Amino acid sequence: MYTVLTEARYNKFKKVVSQRQKHLTLVLENIHDPHNVSAVLRTCDCAGIDKVYLIYNTNKFPKIGRVSSASAKKWVELVRFNNVDECFAALKKDKYKIYATHISETKKNKSLYEIDLTKRVAIVFGNEHAGVSEDVINKADWNLVIPMYGLIQSLNISVSAAVCIYEALRQREAKGMYKKSAYTKKELDKKLEYYLNK
35 MYTVLTEARY
45 NKFKKVVSQR
55 QKHLTLVLEN
65 IHDPHNVSAV
75 LRTCDCAGID
85 KVYLIYNTNK
95 FPKIGRVSSA
105 SAKKWVELVR
115 FNNVDECFAA
125 LKKDKYKIYA
135 THISETKKNK
145 SLYEIDLTKR
155 VAIVFGNEHA
165 GVSEDVINKA
175 DWNLVIPMYG
185 LIQSLNISVS
195 AAVCIYEALR
205 QREAKGMYKK
215 SAYTKKELDK
225 KLEYYLNK
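First residue of the sequence shown: 35, per this note's numbering; consecutive thereafter.
The structure is reproduced here in C-alpha coordinates:
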(Lines of atoms letter the chains of each structure in order from A; the text may use other names.)
(Lines give C-alpha, C1' and ligand atoms only; values in the text may rest on other atoms or scores of the structure.)
Protein backbone atom coordinates (compact mmCIF):
# COMPACT_ATOMS: atom_id res chain seq x y z
CA MET A 35 0.00 0.00 0.00
CA TYR A 36 2.82 2.41 0.84
CA THR A 37 4.41 2.03 -2.62
CA VAL A 38 1.32 3.23 -4.52
CA LEU A 39 1.07 6.44 -2.51
CA THR A 40 2.74 9.61 -3.65
CA GLU A 41 5.37 10.97 -1.29
CA ALA A 42 3.29 14.10 -0.73
CA ARG A 43 0.21 12.12 0.29
CA TYR A 44 2.21 9.85 2.58
CA ASN A 45 3.79 12.87 4.29
CA LYS A 46 0.36 14.49 4.69
CA PHE A 47 -0.98 11.41 6.47
CA LYS A 48 2.12 11.20 8.64
CA LYS A 49 1.77 14.84 9.69
CA VAL A 50 -1.95 14.50 10.45
CA VAL A 51 -1.35 11.40 12.57
CA SER A 52 1.41 13.14 14.54
CA GLN A 53 -1.04 15.93 15.46
CA ARG A 54 -3.84 13.69 16.75
CA GLN A 55 -4.90 14.58 20.31
CA LYS A 56 -4.88 11.44 22.44
CA HIS A 57 -6.55 12.81 25.57
CA LEU A 58 -9.33 14.99 24.17
CA THR A 59 -12.66 13.45 23.24
CA LEU A 60 -16.39 14.08 22.93
CA VAL A 61 -19.36 12.02 24.05
CA LEU A 62 -22.57 12.30 22.02
CA GLU A 63 -25.67 11.15 23.88
CA ASN A 64 -28.77 10.24 21.84
CA ILE A 65 -28.14 12.81 19.10
CA HIS A 66 -31.12 12.38 16.80
CA ASP A 67 -30.05 14.00 13.53
CA PRO A 68 -27.27 12.14 11.68
CA HIS A 69 -26.29 15.41 9.98
CA ASN A 70 -25.47 16.86 13.40
CA VAL A 71 -23.33 13.83 14.23
CA SER A 72 -21.57 14.12 10.87
CA ALA A 73 -20.89 17.83 11.39
CA VAL A 74 -19.40 17.14 14.83
CA LEU A 75 -17.16 14.40 13.43
CA ARG A 76 -15.93 16.71 10.70
CA THR A 77 -14.97 19.35 13.27
CA CYS A 78 -13.28 16.68 15.41
CA ASP A 79 -11.15 15.54 12.49
CA CYS A 80 -10.20 19.13 11.64
CA ALA A 81 -9.05 19.71 15.23
CA GLY A 82 -7.16 16.43 15.58
CA ILE A 83 -9.67 14.53 17.73
CA ASP A 84 -9.57 10.93 16.58
CA LYS A 85 -12.02 9.21 18.94
CA VAL A 86 -15.65 10.01 19.81
CA TYR A 87 -17.90 8.10 22.20
CA LEU A 88 -21.56 7.52 21.37
CA ILE A 89 -24.27 6.70 23.93
CA TYR A 90 -27.61 5.60 22.48
CA ASN A 91 -30.26 4.23 24.82
CA THR A 92 -33.36 6.20 23.81
CA ASN A 93 -32.55 6.67 20.13
CA LYS A 94 -31.17 4.28 17.53
CA PHE A 95 -27.57 4.62 16.43
CA PRO A 96 -27.67 7.08 13.50
CA LYS A 97 -26.75 6.13 9.95
CA ILE A 98 -23.93 8.51 9.21
CA GLY A 99 -23.53 9.31 5.51
CA ARG A 100 -20.18 9.75 3.84
CA VAL A 101 -21.08 12.87 1.88
CA SER A 102 -22.29 15.17 4.66
CA SER A 103 -19.26 14.52 6.84
CA ALA A 104 -16.78 14.67 3.95
CA SER A 105 -15.84 11.12 4.97
CA ALA A 106 -14.82 12.31 8.45
CA LYS A 107 -16.11 9.09 9.98
CA LYS A 108 -13.27 7.31 8.14
CA TRP A 109 -10.76 9.17 10.26
CA VAL A 110 -12.56 9.38 13.61
CA GLU A 111 -12.99 6.20 15.66
CA LEU A 112 -16.52 5.75 17.03
CA VAL A 113 -16.88 3.88 20.33
CA ARG A 114 -20.49 2.88 21.01
CA PHE A 115 -22.24 2.30 24.32
CA ASN A 116 -25.80 1.47 25.31
CA ASN A 117 -25.68 3.29 28.66
CA VAL A 118 -23.96 6.08 30.54
CA ASP A 119 -22.36 3.85 33.19
CA GLU A 120 -20.35 1.78 30.70
CA CYS A 121 -19.20 4.84 28.77
CA PHE A 122 -18.18 6.81 31.85
CA ALA A 123 -16.44 3.76 33.34
CA ALA A 124 -14.30 3.51 30.20
CA LEU A 125 -13.45 7.21 30.39
CA LYS A 126 -12.68 7.09 34.11
CA LYS A 127 -10.42 4.09 33.57
CA ASP A 128 -8.33 6.36 31.34
CA LYS A 129 -8.49 9.16 33.95
CA TYR A 130 -10.65 11.59 31.99
CA LYS A 131 -12.50 14.47 33.64
CA ILE A 132 -16.04 14.46 32.29
CA TYR A 133 -17.84 17.71 31.51
CA ALA A 134 -21.56 17.78 30.70
CA THR A 135 -22.80 20.67 28.57
CA HIS A 136 -25.53 21.76 30.96
CA ILE A 137 -26.48 24.67 33.21
CA SER A 138 -27.77 23.95 36.71
CA GLU A 139 -28.23 25.76 40.00
CA THR A 140 -25.41 23.79 41.61
CA LYS A 141 -21.78 24.74 42.08
CA LYS A 142 -20.79 22.23 39.39
CA ASN A 143 -21.01 24.88 36.66
CA LYS A 144 -17.77 25.97 34.96
CA SER A 145 -17.44 28.38 32.07
CA LEU A 146 -15.79 26.89 29.00
CA TYR A 147 -13.09 29.53 29.37
CA GLU A 148 -12.27 28.52 32.95
CA ILE A 149 -11.52 24.91 32.06
CA ASP A 150 -8.03 23.60 31.33
CA LEU A 151 -8.67 21.71 28.11
CA THR A 152 -5.07 20.57 27.83
CA LYS A 153 -5.78 17.87 30.42
CA ARG A 154 -7.61 14.56 29.86
CA VAL A 155 -11.04 15.92 29.00
CA ALA A 156 -14.28 14.38 27.73
CA ILE A 157 -17.14 16.76 26.86
CA VAL A 158 -20.68 15.37 26.73
CA PHE A 159 -23.30 16.78 24.35
CA GLY A 160 -26.93 15.74 24.63
CA ASN A 161 -29.98 15.29 22.46
CA GLU A 162 -31.09 18.26 20.34
CA HIS A 163 -34.38 18.60 22.24
CA ALA A 164 -33.82 17.18 25.73
CA GLY A 165 -30.14 17.97 26.26
CA VAL A 166 -27.98 15.63 28.33
CA SER A 167 -29.79 13.10 30.50
CA GLU A 168 -30.16 13.29 34.28
CA ASP A 169 -27.85 10.29 34.44
CA VAL A 170 -25.10 12.26 32.70
CA ILE A 171 -25.73 15.35 34.86
CA ASN A 172 -25.48 13.33 38.06
CA LYS A 173 -22.36 11.41 37.06
CA ALA A 174 -20.29 14.04 35.24
CA ASP A 175 -17.52 15.77 37.19
CA TRP A 176 -18.61 19.25 36.11
CA ASN A 177 -21.14 21.12 34.00
CA LEU A 178 -19.57 23.00 31.09
CA VAL A 179 -21.26 26.30 30.30
CA ILE A 180 -20.74 28.24 27.07
CA PRO A 181 -21.27 31.93 27.95
CA MET A 182 -24.26 33.49 26.15
CA TYR A 183 -25.66 37.00 26.35
CA GLY A 184 -28.65 36.91 24.02
CA LEU A 185 -32.34 36.23 24.48
CA ILE A 186 -31.80 32.76 23.03
CA GLN A 187 -29.78 30.68 25.47
CA SER A 188 -28.90 27.69 23.34
CA LEU A 189 -26.81 26.73 20.32
CA ASN A 190 -27.18 23.94 17.81
CA ILE A 191 -25.30 20.81 18.95
CA SER A 192 -22.79 21.00 16.10
CA VAL A 193 -22.14 24.69 16.81
CA SER A 194 -21.72 24.06 20.55
CA ALA A 195 -19.28 21.26 19.81
CA ALA A 196 -17.30 23.45 17.41
CA VAL A 197 -17.04 26.27 19.98
CA CYS A 198 -15.71 23.85 22.62
CA ILE A 199 -13.41 21.98 20.25
CA TYR A 200 -11.75 25.12 18.97
CA GLU A 201 -11.25 26.52 22.46
CA ALA A 202 -9.48 23.23 23.24
CA LEU A 203 -7.46 23.59 20.04
CA ARG A 204 -6.46 27.14 21.00
CA GLN A 205 -5.25 26.03 24.44
CA ARG A 206 -3.45 22.98 23.15
CA GLU A 207 -1.80 24.81 20.30
CA ALA A 208 -0.54 27.47 22.73
CA LYS A 209 0.97 24.68 24.83
CA GLY A 210 2.68 23.05 21.84
CA MET A 211 0.55 19.91 21.99
CA TYR A 212 0.17 19.70 18.21
CA LYS A 213 3.95 19.59 17.85
CA LYS A 214 4.62 16.82 20.38
CA SER A 215 2.28 13.83 20.34
CA ALA A 216 1.02 12.09 23.48
CA TYR A 217 0.87 8.86 21.49
CA THR A 218 3.81 6.45 21.59
CA LYS A 219 5.78 5.79 18.39
CA LYS A 220 4.20 2.34 18.21
CA GLU A 221 0.71 3.84 18.49
CA LEU A 222 1.52 6.45 15.84
CA ASP A 223 2.88 3.83 13.44
CA LYS A 224 -0.23 1.69 13.92
CA LYS A 225 -2.50 4.68 13.37
CA LEU A 226 -0.59 5.71 10.25
CA GLU A 227 -0.88 2.21 8.79
CA TYR A 228 -4.62 2.21 9.54
CA TYR A 229 -5.13 5.56 7.80
CA LEU A 230 -3.05 4.58 4.79
CA ASN A 231 -5.17 1.49 4.28
CA LYS A 232 -8.48 3.36 4.43
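C-beta: ideal position from N, C-alpha, C; glycine also.
This structure is a prediction, so every number in the text was calculated from the model and none was measured.
Annotated three-state conformation of glutamate 139 is coil, per DSSP. The continuous beta strand (DSSP E) containing glutamate 63 extends over residues 58 to 63. Taking C-alpha positions only, valine 166 is separated from glutamate 41 by approximately 45 Å.
One Cα belongs to proline 181, the other to glutamate 201, and the distance between them is close to 13 Å. Rounded to whole angstroms, the separation of the alpha carbons of valine 170 and serine 138 is 13 Å.
Inter-residue distance for histidine 69 and lysine 214 is about 33 Å (C-alpha atoms, whole angstroms). Burial of glutamine 55 is indicated by the presence of at least 16 other C-beta atoms within 10 angstroms of its C-beta.
Arginine 54 carries a coil assignment under DSSP once its states are collapsed to helix, strand and coil.
When the Cα atoms are used, valine 179 and alanine 196 turn out to be separated by approximately 14 Å. Taking 8 Å as the cut-off, the beta carbon of phenylalanine 115 is found no closer than this to the beta carbon of lysine 173. Between threonine 152 and glutamine 205, the CB-CB gap stays under 8 Å. Under DSSP, the beta-bridge partners assigned to phenylalanine 115 are Ile89. If you draw a straight line from the Cα of tyrosine 130 to the Cα of alanine 164, it is about 25 Å long. Remark: C-beta atoms of tyrosine 133 and tryptophan 176 approach each other more closely than 8 Å. Counting only the Cα atoms, tyrosine 90 lies some 17 Å from lysine 107. DSSP lists Asn161 as the bridge partner or partners of glycine 165.
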